[in-house]
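Engineer: Under the working numbering, the first residue of the sequence shown is numbered 1, with each subsequent residue one higher.
Backbone N, C-alpha and C define an ideal beta-carbon position, used for all residues, glycine too.
Got a structure for you, written out below as structure tokens; questions coming shortly.
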Amino acid sequence: MDDAVQVVGGGRERLVPGTPLLEVEDLHVEFVTRDGVAKAVNGVTYSVAAGETLAVLGESGSGKSVTAQAIMGILDMPPGRITAGRILFRGQDLLTMPSRDRRSVRGQRIAMIFQDALSALNPVLSVGYQLGEMFRVHQGLTRSEARDKAVALMDRVRIPAARQRVGDYPHQFSGGMRQRIMIAMALSLQPDLIIADEPTTALDVTVQAQVMDLLAELQSEFRMGLILITHDLGVVADVADKIAVMYAGRIVETAPVRDLYARPAHPYTRGLLDSIPRLDQKGRNLHAIKGLPPSLLKLPEGCAFHPRCPRAQDRCLSEAPALAPVVAEDGRELPGRHSACHYWRETLRGAETSTS
Ligand code: SF4
């Protein structure tokens, strides 16, 4: 057996935590529209290891969900097209894999949780039937065996009275409970990787916290990789290991989660942090980032963030910054830290001043 693989409960192979699981390399995705070509993803590179949680953060249209759809192989093509890059899953490029193998990876190794559980679930089938389908189709279980598995999964995601409710339909559950059913469905085949796209956006704050705690607990128990896509920095603070911040189809900052909160190295991240309430900074004024994200049909020259950036200089209008390592005063690269800003040092110093 490969050193990087262990066999866990149920005979399922699992990568040893920390082993590379998913590596997205220089991915480019565009959409052909009547008004022109929209460059939705422009050279995205990120990775997730087994047992690790990556939060991908950005406003609507930043490319975070399109990247996830490319990983899952559910992009609408056309009008979408992947023009460059690789998506390595356990070392194999999903983009060049035969479509039958790709479907098998999608069904059994990578699962996705969507924001809107009501439209992701079939309204005319009971949740027990939908949960059990995975076991009937992929494992050949009988209807009653599959129903028992569905009840066990509903129990595992803490749906009260699971055996009594297994025959209920999606509309008979609250939003939070429906999202738990989506999580149960994603878990059903014990995937290596779960991609959760805004999984708590439609929920109120208390239920959001419960669902995020449940996801984190299950991720740790099953030693899965988890990609959490969100526009809300507050949601991921306690559950992510590292964060990639996206803007206009690019990654503009990466960092371990604590470092990013304490010392952002990009003005956009700084702006996102300044716009959320923080318990550790009572009495601080909140500031929204001015302006709107750019049109993907016509990205600004130079740094795409410059029309909204409080630190923009002449250089920013013509020269696009590369995503480069963030370096400490002594010249040491800070682990996991990168910024796509010509003036990341000033932002880092500003962050240190304002949080001290
Ligand atoms: Fe702002 Fe310039 Fe940095 Fe872009 S490169 S984020 S415009 S300071």
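1. With H, G and I counted as helix, E and B as strand and the rest as coil, what does DSSP make of I183?
2. The ligand SF4 heavy atoms versus the CB of F222: any closer than 8 Å?
3. Would I113 be called buried (16 or more neighbouring beta carbons within 10 Å of its own) or exposed?
4. What are the start and end residues of the alpha helix (DSSP H) that includes D213?
5. My output table needs one value for L23: the three-state DSSP class, helix, strand or coil.
6. Does R109 come out as helix, strand or coil in the three-state DSSP assignment?
7. By a C-beta neighbour count over all protein chains shown, 10 Å radius and 16 as the cutoff for buried, is H287 buried or exposed?
8. Going by alpha carbons, who is nearest to I243 out of A117, L22 and G336?
9. Tell me, which residues are paired with Y268 by DSSP?
10. Under 6 Å Cβ to Cβ from P256, same chain only, skipping five residues before and after it: list those, please.
11. Should M134 be labelled buried (16 or more other beta-carbon atoms within 10 Å of its own) or exposed?
12. For P325, which of H306, R180 and T254 has the nearest alpha-carbon?
13. May I ask you to report which of helix, strand or coil DSSP gives L226?
14. Use the C-beta contact count for K39: other C-beta atoms within 10 angstroms, 16 or more gives buried, fewer gives exposed.
15. Using only the heavy atoms of the ligand SF4, determine whether one of them is closer than 8 Å to the beta carbon of G140.
16. If you count every other CB in all the chains shown that lies within 10 Å of the CB of D93, and 16 or more means buried, which is it?
17. In the DSSP assignment, find the unbroken alpha helix (DSSP H) run with E145 in it and report its ends.
18. Given that a residue counts as buried once 16 or more other Cβ atoms are within 10 Å of its Cβ, and exposed if not, what is I276?
19. At 4 residues or longer, what runs of the alpha helix (DSSP H) sit wholly inside the stretch 274-342?
20. Between which two residues does the alpha helix (DSSP H) carrying L260 extend?
21. Could you tell me if M77 is buried or exposed, where buried requires 16 or more neighbouring beta carbons within 10 angstroms of its beta carbon?
22. Among the residues of its own chain, which have a CB less than 6 Å from the CB of D35, if the five just before and after it don't count?
23. By the three-class DSSP mapping on this structure, what secondary structure does I74 have?
24. In whole angstroms, what is the alpha-carbon distance linking G18 and R223?
25. Is any non-hydrogen atom of the ligand SF4 found closer than 8 Å to the C-beta of A255, if you look at the structure I gave you?
26. Would you mind working out which of I74, I181, H28 and D232 sits nearest E59, comparing C-alpha positions?
27. Starting from L88 and walking both ways along the beta strand (DSSP E), at which residues does that stretch end?
28. At the level of alpha carbons, what is the spacing between R163 and V151?
29. Sorry if obvious, but does the Cβ on A322 come closer than 8 Å to a heavy atom of the ligand SF4?
30. I'd like the span of the alpha helix (DSSP H) that includes Y169, first residue to last.
Structural biologist: Walking through what the data contain:
1. helix
2. No, since every heavy atom of the ligand SF4 falls outside the 8 Å radius drawn around the Cβ of F222.
3. buried
4. D213 -> alpha helix (DSSP H) spans V205 to F222.
5. According to the sequence shown, residue 23 is Glu rather than Leu. Looking at E23 - three-state DSSP - the assignment turns out to be strand.
6. coil
7. Exposed.
8. G336
9. In the DSSP output, where bridge partners are listed per residue, Y268 has none listed.
10. Taken in chain order, the residues that qualify are K242 and G336.
11. buried
12. T254
13. The three-state reading of DSSP puts L226 in strand, counting E and B together.
14. buried
15. No, since every heavy atom of the ligand SF4 falls outside the 8 Å radius drawn around the Cβ of G140.
16. exposed
17. R143 to R156
18. exposed
19. 314-318
20. V257 to A262
21. exposed
22. L297
23. Correct three-state label for I74: coil.
24. 10 Å
25. no
26. When only C-alpha atoms are compared, the closest one is D232.
27. G80 to F89
28. Going from the Cα of R163 to the Cα of V151 covers about 6 Å.
29. no
30. Where Y169 is concerned, there is no enclosing alpha helix (DSSP H), given that its DSSP letter is neither H nor E.
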